[in-house]
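*Asks:* Numbering (my numbering), first residue to last: 569 to 1010.
1) Exposed or buried, residue 990, counting other C-beta atoms within 10 Å across all chains shown (16 or more means buried)?
2) For the alpha helix (DSSP H) that residue 576 lies in, which residues bound it at each end?
3) Take residue 924 as the anchor and find which of 936, 589, 910, 915 has the nearest alpha-carbon.
4) With a 10 Å radius around its C-beta and 16 neighbouring C-beta atoms as the bar for buried, classify residue 842 as buried or exposed.
5) Taking only runs of the beta strand (DSSP E) that begin and end inside the region 601-686, which ones reach a length of at least 3 residues, in chain order?
6) Hey, out of 995, 736, 903, 962, whose CA is closest to residue 633's CA?
7) Tell me whether residue 775 is buried or exposed, calling it buried when 16 or more other Cβ atoms sit within 10 Å of its Cβ.
8) Exposed or buried, which one is residue 643 when buried takes at least 16 other CB atoms within 10 Å?
9) Check this for me: beta carbons of residue 740 and residue 748, under 7 Å apart or not?
10) Identify which residue in 858, 890, 840, 846 has its Cα closest to the Cα of residue 867.
11) What is the C-beta distance between residue 974 and residue 720, in whole angstroms, given that I count them as a contact (C-beta under 8 Å)?
12) Cα-Cα, which of 782, 978, 913 is closest to residue 574?
13) What is the DSSP secondary structure of residue 599, reduced to helix, strand or coil?
14) Quick check on residue 790: buried or exposed, where buried means 16 or more other Cβ atoms within 10 Å of its Cβ?
15) Given residue 594, which residues of its chain have a CB within under 8 Å of its CB, disregarding the five upstream and five downstream residues?
16) Among the residues of its own chain, which have a CB less than 6 Å from the CB of residue 617, if the five just before and after it don't count?
17) What's the C-alpha gap between residue 581 and residue 599?
18) Please determine, among 640, 653, 646, 603, the residue with the shortest C-alpha to C-alpha distance to residue 619.
19) Once you ignore the five residues that flank residue 828 on each side, which residues in its own chain have a CB closer than 7 Å to its CB?
20) When the Cα of residue 877 is compared with those of 922, 884, 883, which residue comes out closest?
Here's what the structure looks like:
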């Protein structure tokens, strides 16, 4: 069902390639249409729910735990999206069976539909095939090096004709006012090497230095160590001949950070710059509630007091800097359900304080989205949610009033299904634009 959203289009294309096209989706696009179909055909009663609701409300918790521990798993987006596009239906004839509630109403899975869109944000493609290699990857990290230069590293995608962990760095440079061109850049074969991690974070230290934290090589192999990327430009300061040197930062034996799907945010304390690393998951813990502070100047982990109620652990959330602290939004919680909370790690005289931001109307729980702050407003871009049949667009939260509004993304000029999860986004404040890079699934 739901054949018209991006995942539905992707699945239809998949079945067409198998010479097994799906029929009837236009006539019966959702559970309501399927129920009406059976009732019109003469069935006395009919109930239908999607597989996300069935899994959470009608599968015993013991069975869910058994399934979740069958093997290492880290493809939550694909799992939830697939469950949202499949349904289970029960129809019956006769008075006796029809009085039996096959799927009793459950309060454990409330529908949280977003408010009606207040406007539309148009999306356009800003690169083309003749302007260099595409950024076909997900689970990567991107950072704005300078106003016209964006670096992306890691992730899983296409490289040299196969799907794999991507080892090449991708540089996106402004070509003209509205177009960008991409190229792959190489690392010098000296010292440390890029290890092909994904679900890591990258933080810009300067125009020529970037810090990569965390990530994984596989669901059972974390990417250990902090990597510092140093860029060497040509004599004319052009990005055409940019090279990268990879070095390990911090102590070689440092295993403080062995997580992925976490967040890294720049914060300030006592006029010093720190990186606040929060949440994620690890080989041992499916969801983490830990946090760490990394002093940028010394590359040392430090302790800073944090007051307030400890938030629920989460991974695949968003985080961005604001007023010297960090805004944390959404994520996937301990029960593998998306979260709707927005938290502020607020600077105070003796450290930081966790505060919860009250948002009205409440936002639909989501994860695997990106976020930015622009002119006092928090922008939540895309993501995955399971409590609504609509598609995430852009949610705008006024950080002064807590008022939220929804905006739809118009993809009429995007020649492929636009799936906004496992992507990265770069805010261009002067142009009032967002660049969305990669994402989707294999």
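Think of the CB as a built atom: it goes at the ideal place given N, C-alpha and C, for glycine as much as any other residue. As the structure is a computational prediction, the values presented were derived from the model and not from experiment.
*Replies:* In this structure, then:
1) Residue numbering aside, residue 990 sits at position 422 when the chain shown is read from its first letter. The residue is buried, with at least 16 neighbouring Cβ atoms inside 10 Å.
2) As a first step, residue 576 is located in the chain shown; it is residue number 8 there, counting from the start. From DSSP, the alpha helix (DSSP H) with residue 576 extends over 574-585.
3) Here residue 924 refers to the residue found at position 356 when the chain shown is read from its first residue. Looking at the Cα atoms, 910 is the closest of the given residues.
4) Here the question's residue 842 lines up with position 274 in the chain shown. Label assigned to residue 842: buried.
5) 613-618, 655-660
6) The residue you call residue 633 lines up with position 65 of the chain shown. When each option's Cα is compared against that of residue 633, the closest is 903.
7) Within the chain shown, the letter at position 207 stands for residue 775. Answer is exposed; the Cβ neighbour count stays below 16.
8) Here the question's residue 643 lines up with position 75 in the chain shown. That one is exposed.
9) Numbered from its first residue, the chain shown carries residue 740 at position 172. Numbered from its first residue, the chain shown carries residue 748 at position 180. Yes, these two residues count as a Cβ contact at 7 Å.
10) As a first step, residue 867 is located in the chain shown; it is residue number 299 there, counting from the start. When each option's Cα is compared against that of residue 867, the closest is 840.
11) The residue labelled residue 974 in the question sits at position 406 within the chain shown. The residue labelled residue 720 in the question sits at position 152 within the chain shown. The pair is not a contact, with the Cβ atoms about 28 Å apart (cut-off 8 Å).
12) On the chain shown, position 6 is the one that residue 574 refers to. With distances taken between Cα atoms, residue 574 lies closest to 978.
13) If you number the chain shown from 1, residue 599 lands on position 31. Residue 599 falls in the helix class under three-state DSSP.
14) On the chain shown, residue 790 is found 222 positions in, with the first residue counted as 1. By the 10 Å Cβ count, residue 790 comes out buried.
15) Position 26 of the chain shown, counting from 1, holds the residue named residue 594. Taken in chain order, the residues that qualify are 571.
16) As a position in the chain shown, residue 617 is number 49, starting the count at 1. Correct list, in chain order: 671.
17) The residue labelled residue 581 in the question sits at position 13 within the chain shown. The residue labelled residue 599 in the question sits at position 31 within the chain shown. Straight-line Cα distance between these residues: approximately 21 Å.
18) In the chain shown, residue 619 corresponds to position 51, counting from 1. For residue 619, the nearest C-alpha among the options comes from 653.
19) For the purposes of this step, residue 828 is taken as the residue at position 260 of the chain shown. Taken in chain order, the residues that qualify are 767, 768, 782, 783, 784, 790, 848, 849.
20) Residue mapping note: residue 877 aligns to position 309 of the chain shown, counting from 1. Measuring from the Cα of residue 877, the nearest candidate turns out to be 922.
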